[in-house]
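FYI, the UniProt record's numbering numbers position 36 of the sequence shown as 36, with every residue one higher than the one before it. Each residue gets a CB set at the ideal place from its N, CA and C atoms; glycine is no exception. Everything numeric in this text was worked out from a predicted model, so none of it was measured. Have a look at the structure below, then the notes.
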Amino acid sequence: MNNARYNERNLKLAFWNANSLINKKQELTIFLEGNRIDIMLINETYLKTTKDFKIRNYTVYRRDREEGKGGGTAILVKRGLEHGELPGTGTKNIEETGIKIKTKRGELKVYSVYKSPTKTLEEEEIKSFFQEQTATIVAGDLNSKHEDWNCRTANTNGKKLRQIAEKHSIMIVAPEEPTHICTSTGTVDVLDIAMLKNVPWQTEIRAVMDLSSDHSPVILEVHIEAENIENERKRTNWKMFKENMETKKITIGDANELEQAIQDLENRIKEAERKATKMLAAGQKRPLPTHIHALIAEKKRAKKKYMRTMHPDDKRTLNNLNNKVKEEIRQMFNEKWDEKIEALTTEDQSLWKMAGALTGKKKRTNIPYLKREDKVAITNKEKADTFADSLEEQFKTNKPNQDVIFNRNIENIGRRRETTNENEEIMEITKEEVQEIIAQLPSRKAPGIDGIKNQALKNLPEEAIEEITEIAKGVMRTEHYPSNWKTAEAIMIPKTGKPKNDPSSYRPISLLSSMSKVIEKLIYKRLRNFAEQKNIIPSHQFGFRSEHATTHQLARLTENIKENMNISKPTAATFMDIEKAFDKVWHEAMIYKMKRTKFPNKLVNITASYLRDRKFTVRIENAKSEERPIEAGVPQGSILGPLLYNIYISDIPELKHSKIAQFADDTAIYTSHRNKKCITKRLQEDTNKLVEYFEKWRIKINANKSVAVYFDHKNRRKDTEKPEEIKIANQKVEWKNEAKYLGVLIDKNLKFHSQMEENAKKARQLQGYLYPLLNRSSKLSLENKMKIIKQ
Numbered sequence: 001m002n003n004a005r006y007n008e009r010n011l012k013l014a015f016w017n018a019n020s021l022i023n024k025k026q027e028l029t030i031f032l033e034g035n036r037i038d039i040m041l042i043n044e045t046y047l048k049t050t051k052d053f054k055i056r057n058y059t060v061y062r063r064d065r066e067e068g069k070g071g072g073t074a075i076l077v078k079r080g081l082e083h084g085e086l087p088g089t090g091t092k093n094i095e096e097t098g099i100k101i102k103t104k105r106g107e108l109k110v111y112s113v114y115k116s117p118t119k120t121l122e123e124e125e126i127k128s129f130f131q132e133q134t135a136t137i138v139a140g141d142l143n144s145k146h147e148d149w150n151c152r153t154a155n156t157n158g159k160k161l162r163q164i165a166e167k168h169s170i171m172i173v174a175p176e177e178p179t180h181i182c183t184s185t186g187t188v189d190v191l192d193i194a195m196l197k198n199v200p201w202q203t204e205i206r207a208v209m210d211l212s213s214d215h216s217p218v219i220l221e222v223h224i225e226a227e228n229i230e231n232e233r234k235r236t237n238w239k240m241f242k243e244n245m246e247t248k249k250i251t252i253g254d255a256n257e258l259e260q261a262i263q264d265l266e267n268r269i270k271e272a273e274r275k276a277t278k279m280l281a282a283g284q285k286r287p288l289p290t291h292i293h294a295l296i297a298e299k300k301r302a303k304k305k306y307m308r309t310m311h312p313d314d315k316r317t318l319n320n321l322n323n324k325v326k327e328e329i330r331q332m333f334n335e336k337w338d339e340k341i342e343a344l345t346t347e348d349q350s351l352w353k354m355a356g357a358l359t360g361k362k363k364r365t366n367i368p369y370l371k372r373e374d375k376v377a378i379t380n381k382e383k384a385d386t387f388a389d390s391l392e393e394q395f396k397t398n399k400p401n402q403d404v405i406f407n408r409n410i411e412n413i414g415r416r417r418e419t420t421n422e423n424e425e426i427m428e429i430t431k432e433e434v435q436e437i438i439a440q441l442p443s444r445k446a447p448g449i450d451g452i453k454n455q456a457l458k459n460l461p462e463e464a465i466e467e468i469t470e471i472a473k474g475v476m477r478t479e480h481y482p483s484n485w486k487t488a489e490a491i492m493i494p495k496t497g498k499p500k501n502d503p504s505s506y507r508p509i510s511l512l513s514s515m516s517k518v519i520e521k522l523i524y525k526r527l528r529n530f531a532e533q534k535n536i537i538p539s540h541q542f543g544f545r546s547e548h549a550t551t552h553q554l555a556r557l558t559e560n561i562k563e564n565m566n567i568s569k570p571t572a573a574t575f576m577d578i579e580k581a582f583d584k585v586w587h588e589a590m591i592y593k594m595k596r597t598k599f600p601n602k603l604v605n606i607t608a609s610y611l612r613d614r615k616f617t618v619r620i621e622n623a624k625s626e627e628r629p630i631e632a633g634v635p636q637g638s639i640l641g642p643l644l645y646n647i648y649i650s651d652i653p654e655l656k657h658s659k660i661a662q663f664a665d666d667t668a669i670y671t672s673h674r675n676k677k678c679i680t681k682r683l684q685e686d687t688n689k690l691v692e693y694f695e696k697w698r699i700k701i702n703a704n705k706s707v708a709v710y711f712d713h714k715n716r717r718k719d720t721e722k723p724e725e726i727k728i729a730n731q732k733v734e735w736k737n738e739a740k741y742l743g744v745l746i747d748k749n750l751k752f753h754s755q756m757e758e759n760a761k762k763a764r765q766l767q768g769y770l771y772p773l774l775n776r777s778s779k780l781s782l783e784n785k786m787k788i789i790k791q
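Here it is, written out as structure tokens:
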């Protein structure tokens, strides 16, 4: 069994009692790469939630001991293997971390476990790992000894575990070699074991001497091939792509011809890219210098000798070699890091990529198992479907108001297609305009569901640009937005500080067709020009408008408050939290409002076609949900979305006493007066007016997250009287000393102490992240250090 030849296609697991992972990351990395380990199960990690732990090319799952010292379990899974994290089994005496992995012959559950010698072994807890018929491997240190699995003697836990295993048809396997050195008794024994159930595949197990701990790692090879997620590295020769690209003259007369022309062009672009793309060789494992190889081999021999003799001199020799190996590996990593830093430059963007990686801007996001109602999603497909269920509810309009006749009227007008007036002046689309838009596309943006990259569009020959121009003209002529471009691919991003097992703790990033974005920009330009000519967007709306930024709106708001404070007029403000405003736009009402504001019928009809019958799918790694309908909202990630939302709320009513400050859906109203009762009365009156407006158009305000602030000078005479409460739809809005608006904490005295503290905290955090580049011993040049600091 121990002399078996190992097949690279087999699934290779290892399990190890680390007796603290702290300061062992580098030697663990060498072990994983050198032994080509697919799944590493670790117990007694000693990690705490405040301690970050990552290994290159592996996804890390861990459950740290919440109370007391030591303990903790973890699983490291090689990137590319299709898997998902398992929820805890609820065991009290056994610490555990679990995953489910997809193999060519079915699913396999794997648990990393640890039980302290002081804890009792319970039958129900062992059973909890094997409740399903799924093939299951549970491995680690249960402090259970028995001669059946090669131990010298049996202890109480071992005898009990043997009975449980026999009763429930659980197979226990262990290496023939000892895995643990007990220095207090001067003995060696087998403590690290694996329990298997419903595992029909051949397994091979052996202990190795590679890592420094009182436990040896154990390698368990399972004769089964895991499913891999397609993650090949590719490189496209864009010059060859341009040469391979076939073009043709097209004419578009109706919507069917438009759809066919787009499908044909997309197919030719993808085929040209396929021919110009080659696969890159998989990354090689990190080569170890010869002297470190020799040291590791010497250390293994010393460990075997010590386990045989248990002599103090042999122990000293082993400890010295352990320390020497660690130091040499540490030195090797440091030298490679210094070489990498010295090579950083702004010319190939490597300097900014490294800074981005250290500050967390490009960290991979691992989505754990998800809980929704009574269901638990573990696989990528299950997670994608769970997110899709959640988003499908999100992309529906809020509850209609009580006026049934009003609602019916809006929907009838919104659904009616208007006849285009031939005299409408719509700016002609030119090839030069299309070329300019394509040239401005960001090269590295992820493609949409069609898989066509911006880089491909930027490398198209001139004849293909003419085709896209004809397609754009066809959209305007037919007033039909192609169905190929109406499906968004959603990628889920976690919200900071939210529970990661809750689907609502993620926000979708929608990936849309690159070619669609070109056409959207053409439509956007014409909608925006008309809106600006007719002054449709109110002056208090600063969101997504040229020469309007968040800083301008913040300056306007704070200056108005300060001016009134200087003449002894306090200001009261309501900062409204609008729930999922972009996702809840009522489509028929959107079109109704465009008709009411006299947008050209051609643009209205194109917008109606653009909004209707949209769909989305959620992608997690290589798994996708089924396509789901989008019944409301402006498309997320689109160029048109923000402008359409601005048009949708452009008829927000003027207020009698208060001013409005808006940046897209971030809405605040504020009013000033010398009398406190008068000021709150006015604010409530205007708040009611806005609430009535939003309810009418199916926009929901969350009163619980909305905030009211009473702005006044700090040195005014002491005023103990509290402002009267403000309500939103009969729900009380809390008066607070500060509110966050457009990312800035505005306090009641306009001193900005909290904001400065937050900025200082962020600066310290960034400084900590960038310490590897900016510290005194860093090999990065002083010039590049200054560039990073200035950036």
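{"query": "Who are Phe663's beta bridge partners in DSSP?", "result": "Asp666"}
{"query": "Within a Cβ cutoff of 8 Å, which residues of the same chain sit near Lys785, ignoring the five residues on either side of it in sequence?", "result": "Leu773, Leu774 and Ser778"}
{"query": "What runs of the alpha helix (DSSP H), each 4 residues or longer, lie entirely inside the region 374–429?", "result": "380–394 and 404–415"}
{"query": "Applying the criterion that 16 or more other CB atoms from any shown protein chain within 10 Å of the CB defines a buried residue, is Arg614 buried or exposed?", "result": "buried"}
{"query": "Within the continuous beta strand (DSSP E) that includes Lys779, where are the two ends?", "result": "Element bounds for Lys779: n/a, residue is neither H nor E."}
{"query": "Jot down the residue ranges of each uninterrupted alpha helix (DSSP H) in the region 63–143, minimum 4 residues, whole runs only, in chain order.", "result": "123–128"}
{"query": "Alpha carbon to alpha carbon, how far is Asn605 from Pro482?", "result": "13 Å"}
{"query": "Alpha carbon to alpha carbon, what distance is there between Glu758 and Met565?", "result": "25 Å"}
{"query": "Give, in chain order, every unbroken run of the beta strand (DSSP E) that is at least 3 residues long and sits entirely within the region 611–699.", "result": "614–620, 628–630, 659–663 and 666–672"}
{"query": "Roughly how many whole angstroms lie between the Cα atoms of Ile296 and Lys303?", "result": "10 Å"}
{"query": "Any contact of the region 548–561 with the region 367–381, i.e. 3+ C-beta pairs under 8 Å?", "result": "no"}
{"query": "Since I believe Leu191 is in contact with Thr203 (beta carbons under 8 Å), could you give me their beta-carbon distance rounded to a whole number of angstroms?", "result": "Between Leu191 and Thr203 the Cβ distance is about 19 Å, and since that is not below 8 Å, they are no contact."}
{"query": "If you check the beta carbons only, do Phe406 and Ile630 fall under 7 Å apart?", "result": "no"}
{"query": "In angstroms, rounded to a whole number, what distance separates the CA positions of Asp450 and Thr617?", "result": "12 Å"}
{"query": "Mind checking which residues open and close the alpha helix (DSSP H) that includes Trp337?", "result": "Pro312 to Glu342"}
{"query": "May I have the straight-line CA-CA distance separating Thr667 from Gln263, to the nearest angstrom?", "result": "42 Å"}
{"query": "Closest to Ala14 by C-alpha separation, out of His657, Ala174 and Arg674, would be which residue?", "result": "Ala174"}
{"query": "From Ser112 to Asp148, what distance separates their C-alpha atoms?", "result": "21 Å"}
{"query": "Return the residue from the list Asn622, Ala664 and Ile426 that minimises the CA-CA distance to Arg526.", "result": "Ile426"}
{"query": "CB Lys445 to CB Asn459, shorter than 7 Å?", "result": "no"}
{"query": "Give the C-beta separation of Lys748 and Asp712 to the nearest angstrom, bearing in mind that I take them to be a contact with Cβ-Cβ under 8 Å.", "result": "6 Å"}
{"query": "Can you give the Cα-Cα distance for Glu85 and Gly98, rounded to whole angstroms?", "result": "6 Å"}
{"query": "Whole angstroms are fine: how far does the CA of Ile789 sit from the CA of Lys340?", "result": "19 Å"}
{"query": "Could you tell me whether the Cβ atoms of Leu228 and Gly80 are closer together than 7 Å?", "result": "The residue asked about is misnamed: residue 228 is Asn in this sequence, not Leu. Against a cut-off of 7 Å, the Cβ pair of Gly80 and Asn228 comes out as a contact."}
{"query": "Please check the pair Ile55 and Leu21, which I expect to be a contact at CB under 8 Å, by giving their CB distance rounded to whole angstroms.", "result": "Actually they are not in contact, since the Cβ atoms of Ile55 and Leu21 sit about 10 Å apart, beyond 8 Å."}
{"query": "In the structure shown, what three-state DSSP assignment does Trp201 receive?", "result": "coil"}
{"query": "Along the chain, where does the beta strand (DSSP E) containing Asp189 start, and where does it finish?", "result": "Thr187 to Asp189"}
{"query": "Assuming contact is defined by CB atoms lying nearer than 7 Å, are Ile367 and Glu328 in contact in what I supplied?", "result": "no"}
{"query": "With DSSP run on the structure shown, which of helix, strand or coil describes Ser510?", "result": "strand"}
{"query": "Between which two residues does the alpha helix (DSSP H) harbouring Lys500 extend?", "result": "First-last for Lys500: undefined, no H or E at that position."}
{"query": "Would you kindly check if the distance between the Cβ of Ala708 and the Cβ of Val733 is under 7 Å?", "result": "yes"}
{"query": "Hey, could you find the ends of the alpha helix (DSSP H) Thr29 is sitting in?", "result": "Lys25 to Asn35"}
{"query": "Where does Glu721 fall in DSSP's three states?", "result": "coil"}
{"query": "Out of Asn57, Thr50, Tyr58 and Thr59, state which residue places its alpha-carbon closest to the alpha-carbon of Arg65.", "result": "Thr50"}
{"query": "I'd like to know if Val173 contacts chain B, where contact means its C-beta is closer than 7 Å to some C-beta of that chain.", "result": "In the structure shown, chain B cannot be found, because there is only a single protein chain."}
{"query": "If Val325 and Lys299 are in contact, beta carbons under 8 Å, what's the gap, nearest whole angstrom?", "result": "5 Å"}
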